[in-house]
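First comes the structure, then the notes that go with it.
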Amino acid sequence: MRSHRGGPRARGRAPRPSFSLLALGLALVLALGLAKGITPAPSARDVGAACGLPVAAGATAGGSRVTCGDEARAAHPMLNVAADDVVIDYVFDGVNQAMMQDAIDRVHRPGVRLSDQALDLLRSQRQYFQGAPLDLVDIDSVDDFSFDGTLRATDRGIAVVVPRSEVGQASWGTWLRAVAVLVTATAVRAAVFGLCISFAPPPAEVLFVDFCSAASQGFGTFTGYMMTAYFQGRAASDPQLWAEALAFGLVGALLPGAGWDMGKPWMVRNLAGTAATVGRGLQSLAASIRSWAGETISGLVAGGGAMFTALSARIWAAVVAEANRRGIPLALAQARVMPLGDSITLGTGSATQSSYRAELWDALKSQNAEVDFVGSQSAGIVPDHDHEGHSGWRIDQIADVAECALPYYRPNIVTLHAGTNDMNQNYLVDSAPRRLAALVDRTLHLLPGVTVLVATLVPSTKPDVGARIQEYNRNIIPLIQEMAAQGKRVRLVDMSAVTTADLYDQLHPNDTGYRKMGRAFTEAVAHAAAEGLVVPVSGGQEGGNPCAPPVVPVVWKNWGRIATGAGSDVVPGADGAGPVVTGAQVRFAEINGDNRADYLVVQDNGAVRAWLNTPGDGGKPSWSSLGVIAPGTGAPGDHVQFADVNGDGRDDYLVVQDNAAVFAWLNTPGNGGVPSWRSLGLIAPGVPGVTGDLVRFADYDGDGRDDYLVVDSTGRVHAWRNTAGDNGIPSWQPRGLFAEGVDGATRDKLRFADINGDGRADYLMVQDNGSVLAWVNNGGTGFGGWINQGVFAAGVGGATRDKLRFADVNGDRRADYLMVAPDSAVDAWLNLVG
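Everything in the sequence shown is counted per my numbering, starting at 44 for the first residue and increasing by one.
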């Protein structure tokens with residue numbers, strides 16, 4: 044829009060037309076009446092004048108007429124046109140011709156083809172609707188129709204004059220359809236501008252001129268949209284069409300040129316963070332049409348009201364995007380977002396562990412929103428990587444963490460994806476939808492003012508899990524919709540765009556899937572903002588972890604010697620002499636599932652002798668010999684590890700190859716308590732570049748299944764989570780970096796043991812003198828972090844790093860401090876809660 048030259052010339056006051064003529068006459072009569080009037084039958088080729096216009100096109104329809112120049116001159120003697128020009132005549136009563144011509148001169152751009160001016164008008168705001176759920180008309184379908192012409196005021200309205208030389212080669216019907224869309228949009232814009240200016244006392248103020256310019260752009264784009272839709276066969280009685288056209292026209296009024304020239308000072312002062320006001324204003328606009336449009340139009344608008352409410356979010360997003368482009372500090376609202384849920388919220392399967400959070404962050408920041416992600420966890424390559432996503436957690440576990448996290452961080456938006464693990468674990472599936480609704484209600488109670496955006500679950504390629512997810516989604520949709528209908532600040536977010544083709548594994552999305560999730564949550568935030576649901580919430584902390592279990596002081600109880608050796612394999616209760624046993628051969632593992640670590644001796648050929656730990660006097664172990672429980676596989680003894688790979692509470696026999704590949708034999712109950720070993724074969728193929736001496740097994744997430752860990756020389760740990768796979772063979776899910784290491788850490792100092800009884804392996808560093816530093820596992824790096832326990836054990840006389848073992852010998856699920864002498868005798872200090 045070029046700058047205005049001031050007010051129109053004073054020519055006397057013209058009669059002021061009513062708003063009914065302005066709106067109803069132009070929007071309906073011109074858009075629909077003209078469209079019908081210039082759609083000749085294909086066979087109508089009776090050329091009655093030099094312009095070649097079919098006679099059927101010349102009938103008057105809805106205040107418009109298409110004629111040749113000679114006929115137009117007869118109707119308007121002052122109109123200067125050639126006989127073979129094509130003239131589209133728009134008639135409105137009560138128009139001052141001089142004032143209308145002045146208005147035309149202001150909006151018409153000399154030297155720019157008429158078709159290009161119209162296309163620019165229609166395209167000016169379409170970029171803001173790209174990717175929106177609007178059935179936008181295809182204005183590019185008229186690109187092939189390039190023509191020039193002029194707009195001229197008549198004594199009864201506006202005439203669009205197209206020279207005969209500009210008439211296209213297409214059939215009259217096709218050509219006139221394109222012309223109808225383009226020139227009608229331009230003519231309506233000029234007419235509305237002229238009619239609007241007629242309300243101003245001469246000379247019109249610049250602000251009034253800017254207002255009229257913005258209004259004319261809005262009506263022009265609205266009319267062009269309606270006409271194009273009509274030619275595409277859409278019914279004028281379709282409420283969705285009206286909602287779309289109103290949205291399109293409103294953005295056309297707000298975004299280009301004068302709309303900003305007029306409103307920028309007000310926007311800078313007042314509009315930041317007022318998405319709710321805009322949303323309500325748009326709904327009021329739709330409702331107010333009843334006052335001037337009559338029952339027919341008001342009925343259409345009433346039917347499209349709900350649709351228009353949804354579109355208002357897209358309109359507001361368009362306004363914000365344009366504000367950013369123009370350097371205006373405009374934002375959707377304060378967005379303090381807590382991404383809450385399971386490993387999908389965390390980002391498992393994402394190349395960067397960024398989940399949908401990266402897409403959501405970028406979208407909100409692109410709208411210049413004040414964005415803050417909050418939560419006790421951190422992961423991903425996101426400018427703000429805080430979140431509250433927990434791998435493997437079910438709805439009940441997520442509800443537990445919400446109790447402490449929500450009041451502490453105080454978000455105003457919660458994006459919730461929960462239930463996948465309930466479906467995967469087949470855990471109380473029937474009650475899962477009700478438990479989710481209870482979690483939402485509890486969230487709303489804990490933090491009044493928060494808005495909860497509840498996602499349907501993404502699919503699974505596991506047939507049984509996939510079926511459960513589909514049923515779960517079918518059940519939660521009406522539950523959440525009912526809560527919203529009750530006025531609760533909760534909305535459903537449809538994730539059906541994520542398909543099984545967008546999965547990284549059987550449960551988790553890949554980066555494409557996460558981007559789709561991010562777009563769905565972005566749309567949901569915009570819609571909530573337009574409804575007035577996104578409001579600032581006072582308070583809220585940053586950093587820290589209110590949900591972390593407190594560090595509990597440890598009291599050590601000296602149990603003294605619990606196993607006696609004398610240079611042979613004789614221990615209390617052993618069955619006589621045998622090969623010489625050294626302390627280096629002694630291991631502790633859970634053989635019979637009673638939670639008390641048993642005493643094992645691993646021979647150089649991998650054979651294993653065992654003594655069961657049963658309670659004796661004062662609770663001390665009474666050792667019961669099982670003899671040889673595994674004959675060995677020929678693998679060296681230092682390649683043998685014991686870990687529970689199937690979660691049954693019994694440690695299995697593993698052989699770790701030099702290339703880090705792992706073979707396993709499951710420990711199943713046999714005769715006389717001696718395990719019956721069932722071969723699983725190869726359960727892990729290894730990791731490129733990793734050797735077997737770097738591999739450890741420990742349960743890092745507390746699900747009862749030991750996970751595959753790789754430890755480097757500085758104590759950094761990478762993990763692969765052990766999930767149930769086919770035929771009992773673990774399916775390893777990459778967890779990424781589990782521990783970053785600590786100052787002075789080395790691989791030979793590192794131990795994993797559960798020191799606080801929460802089921803998760805903690806990170807221990809054993810010093811040369813037997814003292815131990817500990818970091819309690821609160822989820823690990825990127826998943827909740829580590830709690831520095833400080834000096835967990837001060838060490839005892841004669842202790843050295845190679846003598847220490849950590850195992851639960853009294854069955855309280857807390858690892859105790861054991862010192863194994865060179866002759867295989869064992870002294871114990873019990874780890875008790877202080």
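From the three backbone atoms N, C-alpha and C, an ideal C-beta is built for every residue, glycine too.
Collapsed DSSP secondary structure at Ala540 in the structure displayed = coil
Verify whether the separation of the beta carbon atoms of Val129 and Arg232 is less than 8 Å.
-> no
Please name the residue or residues paired with Leu723 in a DSSP beta bridge.
-> The partner list for Leu723 (beta bridge, DSSP) is empty, contrary to what the question assumes.
Local conformation of Ile456 per DSSP, three classes = strand
Residue interval of the beta strand (DSSP E) (run including Met121) = Met121 -> no beta strand (DSSP E), and no H or E assigned at all.
Curious, which full-length beta strand (DSSP E) runs of at least 3 residues does the stretch 687-714 contain?
-> 695-699, 705-711
If we count the other Cβ atoms within 10 Å of its Cβ and call it buried at 16 or more, is Arg856 buried or exposed?
-> exposed
Can Leu737 and Val717 be called in contact, C-beta distance under 8 Å?
-> no
Which partner residues does Lys600 have in the DSSP bridge list?
-> Leu873
Between the Cα of Ile830 and those of Ala864, Asp859, Thr789, Val785, spot the shortest distance and give me the residue it belongs to.
-> Val785
Could you give the distance in angstroms between the alpha-carbon of Glu566 and the alpha-carbon of Asp746?
-> 35 Å
From Gly680, Leu861, Ala782, residue whose alpha carbon lies closest to that of Gly813 | Leu861
Go to His430, then tell me how far its beta strand (DSSP E) extends in each direction, as first and last residue.
-> 429-432
Return helix, strand or coil for Ile519, following the three-state DSSP convention.
-> helix
Kindly indicate which three-state DSSP category Cys94 falls into: helix, strand or coil?
-> coil
Using beta-carbon positions only, say whether Cys490 and Leu459 come within less than 8 Å of one another.
-> Note that residue 490 is Leu in the sequence shown here, rather than Cys. No, these two residues do not count as a Cβ contact at 8 Å.
What's the C-alpha gap between Val425 and Arg400?
-> 7 Å
Touch check for the stretch 483-500 and the stretch 525-536: three-plus C-beta pairs under 8 Å?
-> yes
On the three-pair Cβ rule with 8 Å, is the stretch 767-776 touching the stretch 715-731?
-> yes
Taking 8 Å as the threshold, find out whether the stretch 544-562 comes into contact with the stretch 575-595 through three or more Cβ pairs.
-> no
What runs of the beta strand (DSSP E), each 3 residues or longer, lie entirely inside the stretch 776-851?
-> 793-796, 805-809, 815-823, 828-836, 847-850
Per the contact definition of three or more C-beta pairs closer than 8 Å, is the stretch 517-531 in contact with the stretch 551-559?
-> no
Three-way DSSP call (helix, strand, coil) for Leu490 in this model | coil
Would you report the Cα separation of Val606 and Thr657, rounded to the nearest angstrom?
-> Looking at the sequence provided, one finds Ala at residue 606 rather than Val. Cα-Cα distance, rounded: 13 Å.
Asn765, enclosing alpha helix (DSSP H) - first and last residue | Segment 760-766 is the beta strand (DSSP E) holding Asn765; no alpha helix (DSSP H) there.
Use the C-beta contact count for Asn638: other C-beta atoms within 10 angstroms, 16 or more gives buried, fewer gives exposed.
-> exposed
Alpha carbon of Ala78 to alpha carbon of Ala202, nearest angstrom | Interpretation of Ala78 is limited by its pLDDT of 36, a score under 50 that renders its predicted location unreliable; the figure taken from the coordinates is listed afterwards. Near 16 Å, if we compare the C-alpha coordinates of Ala202 and Ala78.
Within 10 angstroms of its Cβ, does Gln227 collect 16 or more other Cβ (buried), or is it exposed?
-> Note on residue identity: the sequence assigns Thr, not Gln, to residue 227. Thr227 is buried by the Cβ-count criterion.
Per DSSP, what kind of secondary structure is Thr193 in: helix, strand or coil?
-> strand
From Asp484 to Ser397, what distance separates their C-alpha atoms?
-> 28 Å
For the alpha helix (DSSP H) containing Asn467, list its first residue and its last residue.
-> 463-467
Compute the Euclidean distance between the alpha carbons of Ser259 and Asp427, then round it to the nearest angstrom.
-> 43 Å
Identity of the residue in Thr824, Leu697, Pro712, Asn702 nearest Tyr743 by Cα | Thr824
Where does the unbroken beta strand (DSSP E) through Gln377 begin, and where does it stop?
-> 377-384
In terms of residues, what are the limits of the alpha helix (DSSP H) holding Asp145?
-> 140-150
Helix, strand or coil: how does DSSP classify Arg739 here?
-> strand
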